[in-house]
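J.: I am attaching a structure below and will ask some questions about it afterwards.
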Amino acid sequence: MNNKVVKIGYGKVNRVEIGHKLPLAFFGGPCAIESKDHAFFMADAIGKVCERINVPWVYKSCYDKDCRSAPDSFHGTGIDEGLQILADVRNEFGIPVVSDFSDASWAKATGEVCDLVQVPAYLCRQTSILRAAAETKRPIHLKKGQFMSPWNMKNSVRKLEAHGCDQIILADRGTFLGYSALVNDMTCFPIMQKTGYPVCFDATHSIQLPTSMGNISGGQREFIPHLVRAAAGCGINALFMEVHDNPKTALSDANTVLDLKYLENILSQAKIVHETRLELLDKFGEDNVHPE
Amino acid sequence: MSTQNKMTVKDVMLGIKNFPVVDKNSILKETLEKMDFFGYGIACITNNNHELLGIITDGDIRRKLLSVQKPLPAFFIDDAINHAIKNPTVTSSSMSLANAIDLMEQKQVWDLPVVDKGKLIGMLHLHPAVKELLI
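Respectively, the protein sequence lines represent chains A and B.
Per this note's numbering, the very first residue in the first sequence carries number 1; after that it's consecutive.
Per this note's numbering, the very first residue in the second sequence carries number 293; after that it's consecutive.
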């Protein structure tokens, strides 16, 4: 297997490299862009945590939440205002940013601003979306759909590759287990890593209970630390968590975003487990138990 | 028999477009489809320079099916090269047909990829080869 390194960042922002035996990277921020002031506050607060514990990171926030359960749920700032805020975050803090896009016509503008372009889980096998993502020429954060097997993600990878993309990070955000529950199959990480691309664990969406509250989704945030430690031990290359300073007032995913006050604790644990795993790799070599 | 012994592999081999050849990025499903299309129990895997990277045969697949523990869809989407024999027995186009058939007998194989100057240029299949020698 040829382990690929994904390089995130252009222009005057920090570069983040993600791949085999590299430091664990973090993608984090509020689910939705709420305002410029709030985005700046969150970028500053998360940046300080990452600086203190020395974790490379990418600011995440989205301008259009197109998979909300209810028609009157907050949909986002819209593409123009949202991308301007993300551009401002880049310029002010010198950090790379990531946002998703839900319509192929939004991809070009998203790629012009964002250092990393995200494909939403529900759209992870849509050919038009994947083609548009690849054509941005930015690295792609491709989330595994809750309905997809980990090996099936290779089909989506091949669609991206067919359109010239060779910078891909594959993420798990849980798999449907019945109607209102998700489960994390930790074997999805080594299976998706067989594509050669690095993998990411989306912890805050993994504890989601889809539409468990009728017209909105609930979540069991108390399990975030357990799942993060398990995923880090399993060999992820990046960790994704949506973070908010006041989850109760969050305009999107209020029941799943991690309270900012817990970020340093969880991220520190993830980093330690990751580094311990790298030590185990040095000591015992690559996993090679009962190879096929 | 003396006339027939002068025949070489080149005289009988299948041309490159007449047997299953797949790209190094092909998945197992695509490889099996190509084997089925041509009706041969072997596929050759090559890179962009037509160098032979490996072969897959019906027998390899049969043994894999008896040993693989993962779901069939996961097996189908594996890269074919990961299930290939990386250093297969090959022949050259200039080898005498009789010697090539001897080689097939020694190795108990029905097909030999034909490699000249490091590049795959054809395949020797047992049936037409024997038929030529029996004429």
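By construction, the Cβ of each residue, glycine as well, lies at the ideal position given by its N, Cα and C atoms.
With H, G and I counted as helix, E and B as strand and the rest as coil, what does DSSP make of D253 of chain A?
T.: Numbered from 1 along the first sequence, position 253 holds the residue referred to as residue 253 of chain A. Three-state DSSP puts D253 of chain A in coil, outside helix and strand.
J.: Identify each residue in the segment 357-373 of chain B for which the Cβ-Cβ distance to at least one residue of chain A is less than 7 Å, and report them in chain order.
T.: Cβ contacts with chain A come from V360, P365, A366 and I369.
J.: Per the contact definition of three or more C-beta pairs closer than 8 Å, is the segment 13-29 of chain A in contact with the segment 72-81 of chain A?
T.: Segments in contact, no.
J.: Does the pairing of the segment 55-66 of chain A with the segment 85-94 of chain A give three or more beta-carbon distances under 8 Å?
T.: Contact between the segment 55-66 of chain A and the segment 85-94 of chain A is present, because at least three Cβ pairs lie under 8 Å.
J.: Looking only at its chain, what residues have a beta carbon closer than 8 Å to the beta carbon of Q296 of chain B, apart from the 5 residues adjacent to it on each side?
T.: For this step, residue 296 of chain B is matched to residue 4 along the second sequence. A caution first: Q296 of chain B carries a pLDDT of 48, below 50, which makes its placement in the model unreliable, though a value can still be read off. Excluding sequence neighbours, Q296 of chain B sits near L389, A390, E424, L425 and I427.
J.: Give the single residue among A:C50, A:Y63, A:C67 and A:V113 whose Cα lies nearest to the Cα of I8 of chain A.
T.: The residue you call residue 8 of chain A lines up with position 8 of the first sequence. Of the listed residues, the one whose Cα sits closest to I8 of chain A is A:V113.
J.: Distance check for V157 of chain A and P198 of chain A, CA to CA, integer angstroms please.
T.: To locate residue 198 of chain A, count along the first sequence from 1; it is residue 198. To locate residue 157 of chain A, count along the first sequence from 1; it is residue 157. In a straight line, the C-alpha of P198 of chain A is about 12 Å away from that of V157 of chain A.
J.: Do T349 of chain B and G333 of chain B have their C-beta atoms within less than 9 Å of each other?
T.: Taking the second sequence and counting its residues from 1, one reaches residue 349 of chain B at position 57. Taking the second sequence and counting its residues from 1, one reaches residue 333 of chain B at position 41. The answer is yes: Cβ separation under 9 Å.
J.: Looking only at C-alpha atoms, which of A:E135, A:L160, A:L267 and A:N288 sits nearest to R229 of chain A?
T.: Position 229 of the first sequence, counted from the start, is the residue given in the question as residue 229 of chain A. The shortest C-alpha separation from R229 of chain A is found at A:L267.
J.: Quick one: what does DSSP say C124 of chain A is sitting in, helix, strand or coil?
T.: One-based indexing of the first sequence puts residue 124 of chain A at position 124. Residue state, collapsed to three classes: coil.
J.: What does the alpha-carbon distance come out to for the pair F367 of chain B and N237 of chain A?
T.: Counting from one through the second sequence, the residue named residue 367 of chain B turns up at place 75. Counting from one through the first sequence, the residue named residue 237 of chain A turns up at place 237. Their Cα atoms are separated by approximately 25 Å.
J.: With 9 Å as the limit, tell me which residues of the segment 140-168 of chain A have their beta carbon closer than that to any beta carbon of chain B; keep them in chain order.
T.: The segment 140-168 of chain A vs chain B, Cβ under 9 Å: S149, P150, W151, N152, K154, N155, R158 and E161.
J.: Tell me, please, whether the CB atom of E286 of chain A is closer than 9 Å to any CB atom in chain B?
T.: Position 286 of the first sequence, counted from the first residue, corresponds to residue 286 of chain A. It does not; no Cβ of chain B falls within 9 Å.
J.: Is P247 of chain A closer than 9 Å to L263 of chain A when the C-beta atoms are compared?
T.: As a first step, residue 263 of chain A is located in the first sequence; it is residue number 263 there, counting from the start. As a first step, residue 247 of chain A is located in the first sequence; it is residue number 247 there, counting from the start. No. Outside cutoff.
J.: In chain order, which alpha helix (DSSP H) runs of at least 4 residues are fully inside the segment 200-244 of chain A?
T.: Here the runs fully enclosed are 203-206 and 224-234.
J.: Can you list, in chain order, the residues of its chain whose CB lies under 6 Å from that of L177 of chain A, leaving out five sequence neighbours each side?
T.: As a working mapping, residue 177 of chain A is identified with position 177 in the first sequence. Closer than 6 Å at Cβ, skipping near neighbours: V183.
J.: From the DSSP output, read off the bridge partner residues of Y197 of chain A.
T.: Residue mapping note: residue 197 of chain A aligns to position 197 of the first sequence, counting from 1. Y197 of chain A pairs with nothing; no bridge assigned.
J.: Whole angstroms are fine: how far does the CA of H419 of chain B sit from the CA of M293 of chain B?
T.: Counting from 1 along the second sequence, the entry for residue 293 of chain B is found at position 1. Counting from 1 along the second sequence, the entry for residue 419 of chain B is found at position 127. Since pLDDT at M293 of chain B reaches only 43, below the 50 mark, its modelled position is unreliable, and the value read off the structure follows with that caveat. Each residue's Cα considered, the two are about 18 Å apart.
J.: Please work out which residues of its chain come closer than 6 Å, Cβ to Cβ, to N2 of chain A, disregarding the five sequence neighbours upstream and downstream, and give them in chain order.
T.: By 1-based counting over the first sequence, the position of residue 2 of chain A is 2. The answer, listed in chain order, is G196.
J.: Taking 9 Å as the CB-CB limit, is H20 of chain A close to chain B?
T.: As a working mapping, residue 20 of chain A is identified with position 20 in the first sequence. So no, H20 of chain A is outside the interface.
J.: Check the C-beta distance from I271 of chain B over to K316 of chain B and give it rounded, since I have them as a contact under 8 Å.
T.: For chain B, the structure presents residues 293 to 427; residue 271 of chain B sits outside this window and is missing.
J.: Answer yes or no: does any C-beta atom of chain A fall closer than 9 Å to that of I319 of chain B?
T.: Within the second sequence, residue 319 of chain B is the residue found at index 27, counting from 1. Output row for I319 of chain B: interface = yes.
J.: Quick one: grab the DSSP three-state call for T323 of chain B.
T.: In the second sequence, the residue the question calls residue 323 of chain B occupies position 31. DSSP places T323 of chain B in helix when its eight states are reduced to three.
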